[in-house]
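The numbering used here applies: residue 5 is where the sequence shown begins, and numbers increase by one.
Note that the Cβ used here is the ideal one computed from N, Cα and C, for glycine as well.
Keep in mind that this is a model prediction, so the values were computed, not measured.
Each remark here refers to the structure printed beneath this line.
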Amino acid sequence: MFNTVDDLRNSRKIIRDFWRKYIDIGESLSVQDIFIISILNRMAEINDAFNELTKPDNYNYLGAAPLVRLQIDTLIYAYAGTLVDDFIEFLKCFMKGDKWTKLKDREGNELKESYLVDSLCKIYGTDEFKRIYKATSNFVHLSNSHLFMTIWTSEKSMGQRVGIYSVPDNEQNLIDIMLGINALIFRILIVSYVATREEEVRRLKELQIKYPDKSIDEIYAEFADNDTVLHQLFFGQLKQQK
Numbered sequence: 005m006f007n008t009v010d011d012l013r014n015s016r017k018i019i020r021d022f023w024r025k026y027i028d029i030g031e032s033l034s035v036q037d038i039f040i041i042s043i044l045n046r047m048a049e050i051n052d053a054f055n056e057l058t059k060p061d062n063y064n065y066l067g068a069a070p071l072v073r074l075q076i077d078t079l080i081y082a083y084a085g086t087l088v089d090d091f092i093e094f095l096k097c098f099m100k101g102d103k104w105t106k107l108k109d110r111e112g113n114e115l116k117e118s119y120l121v122d123s124l125c126k127i128y129g130t131d132e133f134k135r136i137y138k139a140t141s142n143f144v145h146l147s148n149s150h151l152f153m154t155i156w157t158s159e160k161s162m163g164q165r166v167g168i169y170s171v172p173d174n175e176q177n178l179i180d181i182m183l184g185i186n187a188l189i190f191r192i193l194i195v196s197y198v199a200t201r202e203e204e205v206r207r208l209k210e211l212q213i214k215y216p217d218k219s220i221d222e223i224y225a226e227f228a229d230n231d232t233v234l235h236q237l238f239f240g241q242l243k244q245q246k
């Protein structure tokens with residue numbers, strides 16, 4: 005997924021299909037699912053805006069570049085959730101809108117963005133991600149990157165891009181970077197979150213087989229507090245009002 009420009013242009017369908025497959029793993033939504041819904045929805049919305057701004061006949065580099073940085077933020081958040089021992093605490097922080105950067109990973113490191121960016125660079129054996137992170141950050145706030153994009157102008161438009169003096173250094177590169185960021189987010193979701201979800205549902209099905217006379221609510225009530233795997237699924241269970 006997210007290997008070609010067509011994938012980026014059709015990202016909403018890819019994201020929707022992924023969610024349908026993911027949610028089909030179980031019959032209920034966990035708190036983890038709510039987190040993933042937030043990630044996928046933000047991905048789709050940012051990609052839609054990015055696609056509009058990078059149409060060949062209406063290319064808006066200064067408008068599109070900050071969206072790459074926003075998608076990097078989505079990636080960082082998804083990655084941070086895989087590093088904590090207590091995912092429930094991480095999600096509580098997320099849902100309350102509290103600062104999650106003061107939480108720590110399994111090795112005791114605070115989840116600061118700089119640490120997470122460095123960690124991603126180590127995983128993939130390159131500092132390219134850090135370089136892109138810094139460069140696209142320059143487009144979020146008014147900076148010398150905007151100056152360099154407009155200092156040489158044509159007679160037609162002062163905003164016309166003539167020379168590029170920042171990363172990404174050309175139009176295709178910007179699109180390729182956005183594709184790469186989307187692909188990394190999906191890899192994290194599939195490797196970490198979906199595997200966890202499958203384990204949660206597997207445990208629930210085991211208990212349903214063992215106790216066929218008990219309803220799902222009764223199984224939750226009896227086992228969730230003392231069953232780590234089931235607890236995570238139970239914590240965010242969305243129950244219909246009876």
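State the Cα-Cα distance for the pair L57 and D102, rounded to the nearest angstrom. The residue given as residue 57 occupies position 53 in the sequence shown. The residue given as residue 102 occupies position 98 in the sequence shown. The straight-line gap from Cα to Cα measures roughly 32 angstroms.
Excluding sequence positions up to five away, which residues of its chain have a Cβ less than 7 angstroms from the Cβ of F94? Position 90 of the sequence shown, counted from the first residue, corresponds to residue 94. Cβ within range, chain order: G85, V88, W104 and L107.
Once the 5 residues before and after L120 are set aside, which same chain residues still bring their CB inside 7 angstroms of it? As a working mapping, residue 120 is identified with position 116 in the sequence shown. Listed in chain order, the non-local C-beta contacts of L120 below 7 angstroms within the same chain comprise I80, Y83 and A84, local neighbours out to five positions each way being set aside.
On a CA-only basis, which of F39, A68, L124 and I192 is nearest K100? Give me that one, please. Here residue 100 refers to the residue found at position 96 of the sequence shown. Of F39, A68, L124 and I192, the residue nearest in Cα terms is F39.
From what residue to what residue does the alpha helix (DSSP H) around M5 run? In the sequence shown, the residue the question calls residue 5 occupies position 1. Run containing M5: none; DSSP gives neither H nor E here.
How is the alpha helix (DSSP H) around D52 delimited, first residue to last? Here residue 52 is taken as the residue at index 48 of the sequence shown, counted from 1. Counting along the chain, the alpha helix (DSSP H) containing D52 begins and ends at V35 to L57.
Is the region 37–55 touching the region 205–213, taking contact as three or more C-beta pairs under 8 angstroms? Judged by Cβ distances under 8 angstroms, the region 37–55 makes no contact with the region 205–213, as fewer than three pairs qualify.
Given A48 as reference, the closest of L115, L183 and I92 once Cα atoms are compared: Along the sequence shown, one-based indexing puts residue 48 at 44. In this structure, L183 is the residue among L115, L183 and I92 with its C-alpha nearest to the C-alpha of A48.
DSSP state of L237, grouped into three classes? Residue numbering aside, residue 237 sits at position 233 when the sequence shown is read from its first letter. In this prediction, L237 has a pLDDT of 48, which is less than 50 and means its spatial position is unreliable; nothing more can be read from the coordinates.
Short of 6 angstroms in beta carbon distance, which residues of its chain neighbour D131, apart from the five on each side in sequence? Order them along the chain. Taking the first residue of the sequence shown as position 1, residue 131 is located at position 127. So the qualifying residues of the chain are C125.
Expressed to the nearest angstrom, what Euclidean distance is found between the alpha-carbon atoms of L74 and K25? In the sequence shown, counting from the first residue as 1, residue 74 sits at position 70. In the sequence shown, counting from the first residue as 1, residue 25 sits at position 21. Cα to Cα, L74 sits roughly 26 angstroms from K25.
Select from I50, I92 and L188 the residue whose C-alpha is nearest the C-alpha of Y128. To locate residue 128, count along the sequence shown from 1; it is residue 124. Check the Cα spacing between Y128 and each of I50, I92 and L188: the tightest is with L188.
Buried versus exposed call for P216 [16 or more other C-beta atoms within 10 Å across all chains shown]: Reading the sequence shown from its first residue, position 212 is the one you call residue 216. Here P216 is exposed, its C-beta having fewer than 16 other C-beta atoms within 10 Å.
Does the separation of the CB atoms of F190 and M5 fall below 7 angstroms? To locate residue 190, count along the sequence shown from 1; it is residue 186. To locate residue 5, count along the sequence shown from 1; it is residue 1. A contact, by the Cβ cut-off of 7 angstroms.
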